[in-house]
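Before any comments, here is the structure.
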Ligand code: WT7
């Protein structure tokens, strides 16, 4: 890439693991060499952490790339691995889920409780005619029934398709239709921002357009009135009265476990298909390795929603297959007050916290006094996922949540990869703020230039994965061609005429290798700007802005410019204390432009900076740069339906014009 890129390499801070954690870490440095000696044997050993009904005959069948088969011939039951085997080993009384409802109501489910509920749900689904291979849509708030519903599907071999509870009736309809789901599991509603938020009316609207749906199972959560049709059944009358006895049948290692639709800011959503044995192997191993989970003593909390892959892999399958005790929280971080997260950490003595950069930046904006008001001394490890984490947000997280001493693991992966791929190992890696650092043992990542050549240290380009991995997506549901087209046709053997060598997975993210060969993620490749012939990543400019003490959060886009091709336009949210109106605002803007120029080089100086109160985000917390580009180029706004809060765009658009 460019000079701007080289300039970001001036991030030199580095933090070694705490000595005590390193000494007792689940995974030590030798894992890298072990996996390098024999990658497939390494994954076999990780698969052995699970309980198989029948052992595999072959680790990997890659004879028909890019369609992989892992642990060929092996059989296992995912729910058995997440529940029964812990109960059978005498750990039935161990807490699986400390659940906290948004209004403050709580439930505690042991492994025996969750096992019972899952078996009942499995029996109820079977009685409704659901059999192995059928699809079940799940549209629930963050309540324990969501985990039980997913595990019940896994138990009977039905393929679940969880749809995030914030999605509209149209989004739900499309997903039910694409997967031709037979049953929908939902609730009357859940609690969001201090009040009940209905789900059932959305399901009613969707189901009316989905002839494949035979039954709708409804959990009563809020107790609000709901319309009722002959397809509807109450969960408490159907599941909770079903037999708790259920023998889990083993399924083939490649049996479809779930479909999850990528949220997609522009194109038609893709139904990412994950299967059984390889998926559980890698989610289980990475939970153990990256979070250093000690099931006997840790209390783990992942703040994601079950509607995203993070919730699938690191609330349900990774933690439960390892027998973890975890916290599950229903609501928003600022209800009823901005200290809610830290209150929960304090209350349940959380030891491992896994959250997203967007939340960390929100907490930064609210100020460090808020976490300082709680006892966070139980924490021993912090994780981040979802976007590149700006170095300053990383430092803030370590400083104000991690007492200036806890390791932060910045974990890179995707819905498509199923599990963590690039991340520090908390007992091994000297982490650099802002870098996901190193491919995990058993993973082969690289950064390629436009011609498909591996870039040297110090270079930038496209992130790729060179070898298949156990939890990789197997296809896009019903669309093998799109699977090949999207992920396997940019580089390597799948790149049409001239494509040569091995099959290479194209992740769609820009990345660079620093002088030590560590990997830095630069955001989606569509978010790279071309300014006067230089490639500049939006992430780099955003990180430069956030490194200024007056900026809490920033989004950067390239806007068409008659002289430079694209020009950098930045949107910045000032920190709580910064003075932003009138002349003080103009001064701050001038200072910020110079600050970016000083940090990254003059080429990266934004043409324009706007101070804004909020940024447009998808419901999974990703900034929708497409909408900001519309504003920057004075266009009318495109589709805003996937926005978390559509009023944000009015606030931003009304301020546009000033701030040159
Ligand atoms: C995209 C995948 C993985 C679970 C949540 C998101 C971005 C994710 C990081 C990270 C930089 C990251 C990438 C990736 N991303 N984690 N640690 N550093 N970027 O899943 O919705 O499938 O999104 O999120 O751009 O491609 P997803």
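Residue numbers (the UniProt record's numbering): 1 to 660.
The beta carbon of each residue, even a glycine, is placed where N, CA and C say it ideally should be.
Computed from a predicted structure; not experimentally measured.
- Assignment of residue 493 by DSSP, reduced to helix, strand and coil, places it in the coil class.
- If you look at residue 172, you'll find it in the alpha helix (DSSP H) that goes 169-179.
- The residue from 506, 586, 607 with its alpha-carbon nearest to that of residue 562 is 607.
- Taking residue 585 as the centre and dropping the five residues before and after it, the same chain places the C-beta of 611 closer than 7 Å to its C-beta, in chain order.
- Between residue 552 and residue 365, the C-beta spacing is below 8 Å.
- No Cβ-Cβ contact shorter than 8 Å links residue 603 with residue 589.
- Taking the Cα of residue 157 as reference, the smallest distance to any Cα among 135, 144, 350 is reached at 135.
- Taking the C-beta atoms as reference points, residue 216 is found nearer than 8 Å to residue 203.
- Residue pairing by DSSP places residue 439 opposite 422 in a beta bridge.
- Distance from the CA of residue 109 to the CA of residue 348, rounded to the nearest whole angstrom, comes to 14 Å.
- Counting along the chain, the unbroken alpha helix (DSSP H) around residue 34 starts and ends at 30-37.
- If you ignore the 5 residues before and after residue 560, its C-beta comes within less than 6 Å of the C-beta of 633, all in its own chain and listed in chain order.
- Cβ atoms of residue 427 and residue 17 come within 8 Å of each other, at about 5 Å.
- In this structure, residue 171 and residue 205 do not form a Cβ contact; the two beta carbons are roughly 11 Å apart against a cut-off of 8 Å.
- Around the CB of residue 305, 16 or more other CB atoms lie within 10 Å, so the residue is classed as buried.
- Going by beta carbons, residue 601 and residue 515 fall outside the 8 Å limit.
- In the structure shown, residue 75 adopts extended strand secondary structure according to DSSP, grouped into three states.
- With a cutoff of 8 Å on beta-carbon distance, residue 188 and residue 213 are scored as not near each other.
- Between the beta-carbon of residue 537 and that of residue 564 there is about 16 Å, and that puts the pair past the 8 Å contact cut.
- By alpha-carbon distance to residue 85, the top candidate from 75, 50, 425, 651 is 50.
- Residue burial is scored here from C-beta neighbours: residue 651 has fewer than 16 other C-beta atoms within 10 angstroms and is therefore classed as exposed.
- Contact between the segment 274-291 and the segment 256-263 is established, with three or more Cβ pairs separated by less than 8 Å.
- Ranked by Cα distance from residue 244, the first of 527, 121, 57 is 121.
- Assignment of residue 258 by DSSP, reduced to helix, strand and coil, places it in the strand class.
- Sequence-distant Cβ neighbours of residue 288 in its own chain, meaning closer than 8 Å and more than five residues away, are 26, 27, 49, 322.
- Under the three-state reduction of DSSP, residue 135 is assigned to strand.
- With a threshold of 16 other beta carbon atoms within 10 Å, residue 430 falls short and is exposed.
- Relative to the ligand WT7, residue 321 has its C-beta separated by 7 Å or more from all heavy atoms.
- In this structure residue 453 is exposed. Its beta-carbon is surrounded by fewer than 16 other beta-carbon atoms within 10 angstroms.
- A Cβ-Cβ separation of about 5 Å places residue 209 in contact with residue 173 under the 8 Å criterion.
- The continuous alpha helix (DSSP H) containing residue 391 extends over residues 391-396.
- At a threshold of 7 Å, residue 628 does not count as near the ligand WT7, since its beta carbon sits no closer than that to any of the ligand's heavy atoms.
- Between residue 519 and residue 591, the alpha-carbon positions lie close to 30 Å from each other.
- Less than 8 Å divides the Cβ of residue 474 from the Cβ of residue 68.
- Residue 196 is bridged by DSSP to 191.
- Between the segment 290-309 and the segment 30-43, the count of C-beta pairs closer than 8 Å stays below three; the two stretches do not touch.
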